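Visitor: Take a look at this one; I'll ask things after.
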Amino acid sequence: MANFISVYMRDLMSQAPFGQNQHVEFRGWLKQFAHWLFATDHISVRYEIVYDGIDIRKLSPGTRGIVLLLLYLALDDADDRPLIIDQPEENLDPKSVFEELVALFIAAKAKRQVIMVTHNANLVINTDADQIIVADAGPHPTGPAPTPIYVWRSRERGNS
């Protein structure tokens with residue numbers, strides 16, 4: 001703003017309806033002009049989050065999750081801490097899982113460790129998971145939940 005004033009002050013003063021020797025009138029005009037120049041009441045800011053042309057408030061819960069994950073990963077592009085995510089496919093149809101999440105996780109995996117809890121085997125296979133831990137509790141009668149069994153698998157080495 002200081003640069004603007006130093007460059008244009010002479011031109012602005014030449015537009016005054018009063019001469020600088022008419023002190024009271026000139027100062028009143030200068031005060032009004034400064035108020036107009038520095039005012040922000042004529043500026044309004046409106047923002048919304050839109051995904052595929054649809055306002056985020058109108059999206060399904062699953063698609064909102066995708067949008068939030070996209071925002072998070074875009075904002076934290078330099079972050080190399082592990083990303084832990086629980087059921088990213090929840091409330092999504094299989095097509096959306098493949099079209100939206102797979103590429104997202106492959107890109108994230110290139111920069112950081114991704115730990116995902118999912119019930120969707122297609123998500124595990126299509127994101128080219130390096131290590132897979134399967135939790136299995138099996139069928140059980142009514143009552144306390146049985147202790148789950150964890151089996152580690154690597155796609156390259158088979159079962160361990």
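Numbering follows the UniProt record's numbering, in which position 100 of the sequence shown is assigned residue number 100; successive positions increment by one, without gaps. Even glycine gets a Cβ: it sits at the ideal position worked out from N, Cα and C. Remember, it's a predicted structure, so these values are computed and weren't measured experimentally.
Taking all protein chains shown into account, do 16 or more other C-beta atoms lie within 10 angstroms of the C-beta of T40, making it buried, or fewer, making it exposed?
Guide: So T40 counts as exposed.
Visitor: At the level of alpha carbons, what is the spacing between M9 and G19?
Guide: In a straight line, the C-alpha of M9 is about 14 Å away from that of G19.
Visitor: What's the call for A2, buried or exposed, on a 16-neighbour Cβ count within 10 Å?
Guide: Exposed, by the Cβ-count rule.
Visitor: For the alpha helix (DSSP H) that A34 lies in, which residues bound it at each end?
Guide: 23 to 38 is the span of the alpha helix (DSSP H), which, as asked, contains A34.
Visitor: Would you tell me roughly how many angstroms separate the C-alpha atoms of A135 and V117, rounded to the nearest one?
Guide: Going by the C-alpha atoms only, they are around 10 Å apart.
Visitor: In three-state DSSP terms, what is Y8?
Guide: Residue state, collapsed to three classes: helix.
Visitor: At what residue ranges does the stretch 102 to 151 contain a whole run of the alpha helix (DSSP H), taking only runs of 4 or more?
Guide: Runs of the alpha helix (DSSP H) inside the stretch 102 to 151: 103 to 111, 121 to 126.
Visitor: When the Cα of D80 is compared with those of E90, A110, F26, G53, which residue comes out closest?
Guide: Looking at the Cα atoms, A110 is the closest of the given residues.
Visitor: Give me the Cα-Cα distance between S14 and L30, rounded to the nearest whole angstrom.
Guide: The straight-line gap from Cα to Cα measures roughly 12 Å.
Visitor: Just to check my reading of the structure: residue 168 and V102 have Cβ atoms closer than 8 Å, yes? What is that Cβ distance to the nearest angstrom?
Guide: The first residue shown for the chain is 1 and the last is 160, placing residue 168 beyond what the model contains.
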